[in-house]
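Here's the structure, in structure tokens; my notes come after.
Number of protein chains: 2
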Amino acid sequence: MSIGIKISLNEGLYLKEPQDSKLGRNIIKHSILMIDECGFESFNFKKLAQEINSTEASIYRYFENKHLLLLYLLNWYWEWVSYLISINTMNVEDPKKKLKIIVHSIVFASKENPGVEYVNESKLHNIVISEGMKAYHTKEVDEENSKGFFKSYKDLAKSVSHVINEINPKFKYPFVLATNLFEMSNNHIYFAKHLPKLTDISIQEDQVEEVEEMLNYFVERLLA
Amino acid sequence: MSIGIKISLNEGLYLKEPQDSKLGRNIIKHSILMIDECGFESFNFKKLAQEINSTEASIYRYFENKHLLLLYLLNWYWEWVSYLISINTMNVEDPKKKLKIIVHSIVFASKENPGVEYVNESKLHNIVISEGMKAYHTKEVDEENSKGFFKSYKDLAKSVSHVINEINPKFKYPFVLATNLFEMSNNHIYFAKHLPKLTDISIQEDQVEEVEEMLNYFVERLLA
DNA sequence: TTTAAACAATAGTAATACTATCATTTAAAA
DNA sequence: TTTTAAATGATAGTATTACTATTGTTTAAA
Numbered sequence: 004m005s006i007g008i009k010i011s012l013n014e015g016l017y018l019k020e021p022q023d024s025k026l027g028r029n030i031i032k033h034s035i036l037m038i039d040e041c042g043f044e045s046f047n048f049k050k051l052a053q054e055i056n057s058t059e060a061s062i063y064r065y066f067e068n069k070h071l072l073l074l075y076l077l078n079w080y081w082e083w084v085s086y087l088i089s090i091n092t093m094n095v096e097d098p099k100k101k102l103k104i105i106v107h108s109i110v111f112a113s114k115e116n117p118g119v120e121y122v123n124e125s126k127l128h129n130i131v132i133s134e135g136m137k138a139y140h141t142k143e144v145d146e147e148n149s150k151g152f153f154k155s156y157k158d159l160a161k162s163v164s165h166v167i168n169e170i171n172p173k174f175k176y177p178f179v180l181a182t183n184l185f186e187m188s189n190n191h192i193y194f195a196k197h198l199p200k201l202t203d204i205s206i207q208e209d210q211v212e213e214v215e216e217m218l219n220y221f222v223e224r225l226l227a
Numbered sequence: 004m005s006i007g008i009k010i011s012l013n014e015g016l017y018l019k020e021p022q023d024s025k026l027g028r029n030i031i032k033h034s035i036l037m038i039d040e041c042g043f044e045s046f047n048f049k050k051l052a053q054e055i056n057s058t059e060a061s062i063y064r065y066f067e068n069k070h071l072l073l074l075y076l077l078n079w080y081w082e083w084v085s086y087l088i089s090i091n092t093m094n095v096e097d098p099k100k101k102l103k104i105i106v107h108s109i110v111f112a113s114k115e116n117p118g119v120e121y122v123n124e125s126k127l128h129n130i131v132i133s134e135g136m137k138a139y140h141t142k143e144v145d146e147e148n149s150k151g152f153f154k155s156y157k158d159l160a161k162s163v164s165h166v167i168n169e170i171n172p173k174f175k176y177p178f179v180l181a182t183n184l185f186e187m188s189n190n191h192i193y194f195a196k197h198l199p200k201l202t203d204i205s206i207q208e209d210q211v212e213e214v215e216e217m218l219n220y221f222v223e224r225l226l227a
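These protein sequence lines are chains A and E, in that order. Okay, so the first sequence: first residue is 4 according to my numbering, each after it adds one. Okay, so the second sequence: first residue is 4 according to my numbering, each after it adds one.
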């Protein structure tokens, strides 16, 4: 008997529901570890198969290719953040408070209590930061978008834009600001680690509170 | 005798200066066209060789691999934008005006008078929008950064951050805002085309003035 | 006119991204 | 408990990619 939660994702992302079998969960678990460790480009199904003592062919029964596996993981993350936001803002009326909680959830998503045993949220967050934009920067973006492969992210952006709109209905670009909170958070965590001359943020030992502060500073000035 | 300008780029980016030979210039010219057309992933040196009636081996004498060619092109773009900004802001004193010109240069870089015959600035801009972030989202980012492969972008960000600082010395995140102007511009042009639910911007027929307006709106509120 | 550099032609290798087939294990149904 | 189907493993094979190496030919500078 399992006590884990099950996140439901677009069925087009996988060939066979990976959450339903040991092998499937192993694919999810170790793909996260390996992509975080070695990067998406050098990650492949052969290496993953070796890692989990399975075979390439078996993994291909779950996911068409590594790009769709990445999309699956990113959708997982977006759903996870949505979930965090919804439980953390439950019963919060003030939209300003709500947005603060949203910002906190974005930045600290990986540090919240893990929901699922086989998903390391912290490493998944690293993948989102380092590889996230590769999900939609492809020639197939329109086709994949029409299949709903970015729905989780779009829904998330929409819900954040609603809160922005509540705070200041005259603000002209609620969606731009919403997506920018995500992009800025990820970008500047990445920049702080790898291209520090591109940011004012500094991060030591994964302490990302500076990023939270920065996002709140932007929000305050933009929505004042 | 040539009347073209020559942009000087980090020597580590290429094996042999491509600007100095017909073949080299052809590589630059047609790689831009092909990457814009088919995307970076499906682009390769074999196809490029066929396109320009040369051979794979010949292209490899100029660039170690396609990733370094992409970096070369992006550095070209960053240098080009820097150049535009410096000539357009020359003799402009007011930092607020300067930043408006910078924003305009970022958004309309591709529409300015072309500087070099063999570089289609407009398609190069498309590449920056669609593939730009792939330049630094790799496992080799630190090594490449230490070789100076991102210097053009960092210098550009720095010069913009100076102007921001002139406008409002109390603004806490000049580098974040500077890089964000670039990232937002690229992201939302891309979103408007491919993931419209992630943005408030709409673009018809490559009319990007809405993006310029949006960036100015953000700047005004942030630096007020 | 020589000679060296640039380029073309060709071939070959290792790795990647799959697909196909068949055997075996596992777990659910009868 | 036996039967049967589904899941997985083992193995092999193909097409493409990302190179490297070698040798011969063209071009253009000395």
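A virtual CB, placed ideally from N, CA and C, is assigned to each residue, including glycine.
The DSSP-derived three-state label of H128 of chain A is helix. Ranking E:N29, E:L36, E:N129, E:F174 by CA distance to the CA of V222 of chain E puts E:F174 first. When the beta-carbon positions are compared, C41 of chain A and K142 of chain E come within less than 8 Å of each other. Chain-ordered listing is empty here: chain A has no CB closer than 8 Å to the CB of Y86 of chain E, the nearest sitting near 20 Å. Interface criterion not met: the Cβ of I105 of chain A is under 8 Å from no Cβ in chain E.
Judged by DSSP secondary structure, E208 of chain A falls outside any alpha helix (DSSP H); it is assigned neither H nor E. Residues of the segment 142-153 of chain A with a C-beta less than 7 Å from any C-beta of chain E: K142, V144, D145, N148, F153, listed in chain order.
DSSP, read as helix, strand or coil, puts M93 of chain A in coil. In this structure, E:I105 is the residue among E:D209, E:I105, E:N116 with its C-alpha nearest to the C-alpha of V166 of chain E. In the three-state DSSP reduction, A160 of chain A falls in the helix class (H, G or I). Exclusion of the five residues before and after K50 of chain A leaves M37 as the residues of its chain whose Cβ lies within less than 7 Å of its Cβ. Counting the other Cβ atoms within 10 Å of the Cβ of I90 of chain E gives fewer than 16, which makes it exposed. Taking every protein chain shown into account, the CB of D209 of chain A has fewer than 16 other CB atoms within 10 angstroms, so this residue is exposed. The beta carbon of I204 of chain E falls within 8 Å of a beta carbon belonging to chain A, placing the residue at that interface. Residues of the segment 155-167 of chain A that bring their beta carbon within less than 8 Å of a beta carbon in chain E comprise Y156, K157, A160, K161, in sequence order. Secondary structure remark: continuous alpha helix (DSSP H) runs of at least 4 residues inside the segment 55-99 of chain A, in chain order: 59-63, 69-91. If you ignore the 5 residues before and after K196 of chain A, its C-beta comes within less than 8 Å of the C-beta of I206, all in its own chain and listed in chain order.
Taken through DSSP and simplified to helix, strand or coil, Y193 of chain A comes out as helix. Only residues of its own chain outside the window of five on either side were considered, and among them Y80, A112, S113 have a CB closer than 8 Å to the CB of H128 of chain E, listed in chain order.
Nearest to K154 of chain A by C-alpha distance, out of E:I130, E:N47, E:V179, E:L201, is E:L201.
Going by DSSP, D145 of chain A is part of the alpha helix (DSSP H) stretching over 144-149. When the Cα atoms are used, E14 of chain E and E20 of chain E turn out to be separated by approximately 8 Å.
When DSSP states are grouped into helix, strand and coil, Y220 of chain E belongs to the helix group. In its chain, beyond the 5 residues on either side, Y121 have a beta carbon closer than 6 Å to the beta carbon of K32 of chain A. With a contact defined as Cβ atoms closer than 8 Å, S108 of chain E and I130 of chain E miss out at about 18 Å.
The Cβ-Cβ distance between N78 of chain A and L12 of chain A falls below 8 Å. Residues are counted here when their Cβ sits less than 9 Å from a Cβ of chain E; for the segment 172-184 of chain A these are F174, K175, Y176, P177, F178, V179, L180, A181, T182, N183, given in chain order. Ranked by how close their Cα comes to the Cα of Y17 of chain E, the residues E:L76, E:R224, E:W83 have E:L76 in first place. From the listed residues E:Y176, E:F178, E:I204, the smallest Cα separation to N189 of chain E is found for E:I204.
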